[in-house]
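Residues are numbered in our numbering as their position in the sequence shown, beginning at 1, plus a constant of 406.
What follows is a set of notes on a single structure, which appears directly below.
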Amino acid sequence: MSLFKKCTCCAFPWLSRAEFLQDEKTVLIGYQANFCQLELGYFLFNHLACESTIAIPAGRFKDMYAGPLFTQRLTGTEVCQGFCEDMDAIEPCDAQCECAYVREIMQIIRNWPKEACQLANIAHG
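Set out below in structure tokens:
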């Protein structure tokens with residue numbers, strides 16, 4: 407059985423990405439950018455059950471985005487709003503920038519329907 411992620415604090419397991427995103431106790435709080443290789447940046451999530459922060463490489467979510475990919479990075483230019491330089495910013499970006507798809511993935515994650523985690527229900531049930 408494969409495992410998508412295990413909490414680094416309480417060791418709670420999520421078997422799939424969908425299960426992780428659906429869990430009402432996981433909340434996206436930011437993105438730590440790696441401007442050399444965007445997929446190696448980290449999406450940061452709070453795990454409300456144990457009050458820890460979980461980092462997951464952005465590349466593990468890349469397939470969720472089907473929109474345009476831009477090749478030029480606009481970080482630091484007049485059209486850049488600076489979101490990727492602010493780890494806590496989770497807003498979308500409308501610049502036609504190489505980094506824009508990461509911001510769009512964040513919106514998909516933010517809007518993912520939440521429900522009580524099935525493993526938690528079984529464990530406490």
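Ideal placement from N, C-alpha and C gives every residue a C-beta, glycine not left out.
Measuring alpha carbon to alpha carbon, tell me which residue in Leu-475, Tyr-507, Tyr-437 is nearest Asn-452. Tyr-437
Lys-411 classed as buried or exposed, judged by whether at least 16 other C-beta atoms fall within 10 angstroms: buried
Where does Ala-424 land, buried or exposed, given buried means 16+ other C-beta within 10 angstroms? exposed
Which value, in whole angstroms, describes the spacing of the CA atoms of Gly-531 and Gly-465? For Gly-531, the predicted structure reports a pLDDT of 40, less than 50, and the residue's modelled location is therefore unreliable. A value from the coordinates is still provided. Straight across, the Cα-Cα distance linking Gly-531 with Gly-465 is about 34 Å.
With burial defined as no fewer than 16 other Cβ atoms inside 10 Å of the residue's Cβ, what is the status of Cys-503: buried or exposed? buried
With DSSP as the reference, identify every bridge partner of Pro-519, one or two as the case may be. Partner(s): none; Pro-519 has no beta bridge.
So what's Ile-460 in DSSP terms, helix, strand or just coil? strand
Determine the contact status of Ile-515 and Leu-409, defining contact as a CB-CB distance below 8 Å. no
Assigned secondary structure, Gly-465 (DSSP; H/G/I helix, E/B strand, else coil): helix
With a Cβ-Cβ cutoff of 8 Å, do Arg-479 and Cys-505 count as a contact? yes
Quick check: Leu-434 and Phe-449, are their CB atoms within less than 8 Å of each other? yes
Just tell me which of Pro-474, Gly-473, Leu-475, Asp-492 has its CA closest to the CA of Gly-482. Asp-492
Going along the chain, which unbroken runs of the beta strand (DSSP E) with 3 or more residues stay wholly within the segment 484-508? none
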